[in-house]
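For the sequence shown, the numbering used here gives the first residue as 138, with consecutive numbering after it.
Heads up, the beta-carbon is just placed ideally off N, CA and C, and yes, glycines get one too.
This report refers to the structure that appears directly beneath it.
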Amino acid sequence: MATRGFLGRRPTDGEGERLPPGQYRTDDFPVLSAGPTPRVALKDWSFTLKDGVRPVMRWDWDAFNQLPQSKLTRDIHCVTKWSKFNTAWSGVMIDDILAEAGIAAPSEFTLAHSYDGYSTNVPTDDLINGKAMVATHFDGKPIIADHGGPARLLVPHLYFWKSAKWVNGLQFTNRDEAGFWELRGYHMRGDPWREQRFTGD
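As structure tokens, this is what we get:
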């Protein structure tokens with residue numbers, strides 16, 4: 138894993154209640170990646186929704202950006218122990234993706250897939266009812282490649298490895314299938330408030 142740009146500090150008065158156990162606040166936005174950063178041209182970008190192996194719907198960049206646009210401002214928490222407050226994102230809520238596809242979430246489990254071959258599992262309940270989006274903008278600007286642009290999954294209430302960079306699809310599955318880090322010992326859910334960092338936490 139590559140990490141750049143981290144300068145952490147202990148919380149000041151009033152901040153501690155916003156920090157999950159074991160976390161430090163940072164005003165930076167560290168860059169963490171499992172491998173090299175892919176560069177995905179917008180003309181080549183697509184996002185596919187699948188039910189098992191069956192494609193349900195696919196969008197290119199222009200069509201995806203015609204979907205309803207939403208904004209979220211949330212604190213985010215990385216398993217490497219930094220937290221960043223009040224991060225501002227915009228993009229398409231998972232609820233609106235499902236609505237456009239004309240389906241309700243068909244299973245309890247979901248795999249997010251990315252352009253670099255990365256995957257991560259997320260319980261479907263953690264994606265719906267206003268909890269998650271496919272984000273295309275951060276702090277009012279298009280997401281840069283180092284932070285997962287042109288689009289990344291945003292699941293801010295779970296550790297940030299669940300917010301897959303360079304996302305290109307969601308796949309509903311009938312069982313909880315481990316993704317890249319989960320196969321390497323990370324927790325299957327990753328709730329920061331329960332310190333679910335590793336298997337067995």
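Can you tell me which of the three DSSP states residue i falls into?
| i | result |
| --- | --- |
| aspartate 197 | strand |
| lysine 208 | strand |
| threonine 261 | helix |
| phenylalanine 335 | strand |
| isoleucine 281 | coil |
| proline 329 | helix |
Compare the Cα-Cα distances from residue i to each of the options and report the closest residue.
| i | options | result |
| --- | --- | --- |
| threonine 217 | Glu237, Val168, Leu235 and Asp232 | Val168 |
| tryptophan 303 | Val292, Asn223 and His284 | His284 |
| glycine 254 | Gln160, Asn202 and Thr174 | Thr174 |
| leucine 264 | Asp232, Gln203 and Gln160 | Asp232 |
| asparagine 202 | Glu154, Phe166 and His274 | His274 |
| methionine 230 | Lys268, Ile213, Ala238 and Val259 | Lys268 |
| serine 207 | Ile213, Tyr296, Ala225 and Tyr252 | Ala225 |
| arginine 312 | Asn223, Phe166, Phe246 and Met325 | Phe246 |
| methionine 194 | Leu320, Asp276, Ser251 and Asn305 | Asn305 |
When you measure from the CB of residue i to every non-hydrogen atom of the ligand ADP, does any distance come out below 8 Å?
| i | result |
| --- | --- |
| threonine 310 | In the structure on display, the ligand ADP does not appear, and there are no ligands present to speak of. |
I need the straight-line Cα distance from residue i to residue j, nearest angstrom please.
| i | j | result |
| --- | --- | --- |
| serine 170 | isoleucine 240 | 33 Å |
| cysteine 215 | leucine 291 | 12 Å |
| valine 190 | leucine 307 | 11 Å |
| proline 205 | proline 329 | 29 Å |
| tryptophan 196 | phenylalanine 184 | 5 Å |
| serine 227 | valine 271 | 8 Å |
| serine 244 | threonine 257 | 16 Å |
| lysine 299 | arginine 162 | 19 Å |
| threonine 261 | aspartate 164 | 30 Å |
| arginine 289 | leucine 320 | 21 Å |
Considering only their Cβ atoms, is the gap separating residue j from residue i smaller than 9 Å?
| i | j | result |
| --- | --- | --- |
| proline 158 | glutamate 332 | yes |
| glycine 322 | phenylalanine 335 | yes |
| leucine 248 | alanine 242 | no |
| proline 293 | aspartate 212 | yes |
Assuming residue i contacts residue j (C-beta within less than 8 Å), just tell me the rounded distance between them.
| i | j | result |
| --- | --- | --- |
| tryptophan 182 | tryptophan 198 | 5 Å |
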